[in-house]
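Participant: So for the sequence shown, the UniProt record's numbering puts the first residue at 1; every next one is plus one. Beta carbons are placed, not taken as given, at the ideal position from N, Cα and C, and that holds for glycine. Only a predicted model underlies this, so the values are computations on that prediction, with no experimental measurement involved.
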Amino acid sequence: MSLALQWADARPKVAGLHLDSGACSRQSLAVIDAVAAHARHEAEVGGYVAAEAAAPVLAVVDEAAAMLATDPPALVHFTALASHRGVAQPLAEMVAVCREAGVPIVVDGAQAFGHLDCNVGADAIYSSSRKWLAGPRGVGFLAVRPELVARLQRRLPPASWDVPVTVLQSFEHGEHNAATRIGYSVALGEHLAAGAELVRDRLAEVGRTARQVLADVPGWRVVERVDEPTAITTLEPTDGADPVAVRAWLIAERGIVTTACELARAPFEMTKPVLRVSPHVDTTAEDLEQFAEVLRTAP
């Protein structure tokens, strides 16, 4: 059975056409069951008792290098894949440049984790569960190299307080939803079982197909190159269409889920809002052709 069929069979049947994994993917039945089972266990024995039981379970790189060499900042924050463009940024190259300059690099992997190869030696990376990993909403992760942790100063409790709480432990000092963490761990397991490289290759294939299918839709321009190795395609209106209104119409009238990215997402780069299509591995060419036909009739 293909990866696409395995992925689809593991989930509830979709109501309509879901092309919005960059916002929130569809959780598998196993993830849903794991979250529900833990929530039920919390109701039986108490939330904190249950939580304790669950615990075990681009071309600008050269410019950046020159800048880091002459005027190095305290750290670099780098978005590996933006939410308003399906363009993969040169993550591995930036990590290498920062390492050469001795500047730590923190990676925003919200759209990249589970989508692109993020295992490139960054000093820290964070991401969410609900996007390409298809886990529960409201949970994510932060991974930090010990060398960077040693340079950090705790804020709460204040560093001046003599209490045995490390910087990373201070991030855990608060409320959390244990059930969603369990669900996220299941989603991670599913991703690894499917094969991270296989998933990345399939997402790139779906992205190429989407751009080819959508290239000839009147009134819209595909922003990304056809061979961009991501599943995200953004469509810029050329005849005055409003992506926000079109998105609302697609959901209400055709049961098709997409995202409208407004200028606030990237005010220094975007010149007009775009309609974002972010299908997952189970999306077929027929699904994308159906979307293209519907988009041709959108008001």
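Quick one, which of Asn177, Ala298, Val167, Met94 has its alpha-carbon nearest Ala143's?
Facilitator: Val167
Participant: Counting along the chain, where does the beta strand (DSSP E) carrying His77 start and finish?
Facilitator: 76-79
Participant: Check each candidate in Val103, Gly102, Ala101, Cys118 and name the one with the smallest Cα separation from Gly109.
Facilitator: Minimum Cα distance to Gly109 is reached at Cys118.
Participant: How about Arg202 and Glu228: do their beta carbons lie closer than 9 Å?
Facilitator: Contact flag unset, no.
Participant: Using a Cβ-Cβ cut-off of 8 Å (strictly less than) and excluding sequence neighbours within five positions of Ser170, which residues of its own chain qualify?
Facilitator: Arg154, Arg155, Leu156, Pro157
Participant: If I'm right that Gly207 touches Thr233 with Cβ under 8 Å, what's the distance once you round it to whole angstroms?
Facilitator: In this structure Gly207 touches Thr233 by the C-beta definition: roughly 6 Å separates them, less than 8 Å.
Participant: Below 8 Å on the Cβ atoms is my guess for Leu275 versus Thr297; work out the distance and round it to an integer in Å.
Facilitator: Not quite, the Cβ-Cβ distance comes to about 14 Å (not below 8 Å), so this is no contact.
Participant: If you follow the alpha helix (DSSP H) that Ser127 is in, where does it begin and where does it stop?
Facilitator: First-last for Ser127: 124-128, but that is the beta strand (DSSP E), not the alpha helix (DSSP H).
Participant: Apart from the five residues just before and just after Val61, which ones in its own chain have a Cβ nearer than 7 Å to its Cβ?
Facilitator: Pro90, Glu93, Met94, Val97
Participant: Hey, how far is the Cα of Ser128 from the Cα of Ala215?
Facilitator: 31 Å
Participant: Taking all protein chains shown into account, decide if Pro136 is buried (16 or more other Cβ within 10 angstroms of its Cβ) or exposed.
Facilitator: buried
Participant: Can at least three beta-carbon pairs, one atom from the stretch 243-260 and one from the stretch 1-9, be found at a separation below 8 Å?
Facilitator: no
Participant: Considering Cα atoms alone, identify which of Ser160, Val87, Gln27 is closest to Val186.
Facilitator: Of Ser160, Val87, Gln27, the residue nearest in Cα terms is Gln27.
Participant: Helix, strand or coil: how does DSSP classify Leu133 here?
Facilitator: coil
Participant: Under the assumption that Leu68 contacts Ala30 (Cβ atoms under 8 Å), give the Cβ distance between them as a whole number of angstroms.
Facilitator: Incorrect: roughly 44 Å between the Cβ atoms, too far for contact.
Participant: DSSP on His176, reduced to helix/strand/coil?
Facilitator: coil
Participant: Would you tell me roughly how many angstroms separate the C-alpha atoms of Thr79 and Thr230, rounded to the nearest one?
Facilitator: One C-alpha to the other measures close to 14 Å.
Participant: Please work out which residues of its chain come closer than 6 Å, Cβ to Cβ, to His176, disregarding the five sequence neighbours upstream and downstream, and give them in chain order.
Facilitator: none
Participant: Between the C-alpha atoms of Gln188 and Pro279, what's the straight-line distance to the nearest angstrom?
Facilitator: Before going on, a small fix: residue 188 reads as Leu here, not Gln. C-alpha separation (whole angstroms): 19 Å.
Participant: Output the residue ranges of the alpha helix (DSSP H) runs that lie fully inside the stretch 208-261 and measure 4 residues or longer, sorted by chain position.
Facilitator: 243-254
Participant: What do you reckon, are the CB atoms on Val223 and Leu250 nearer than 9 Å?
Facilitator: If you check the CB distance, Val223 and Leu250 do not come in under 9 Å.
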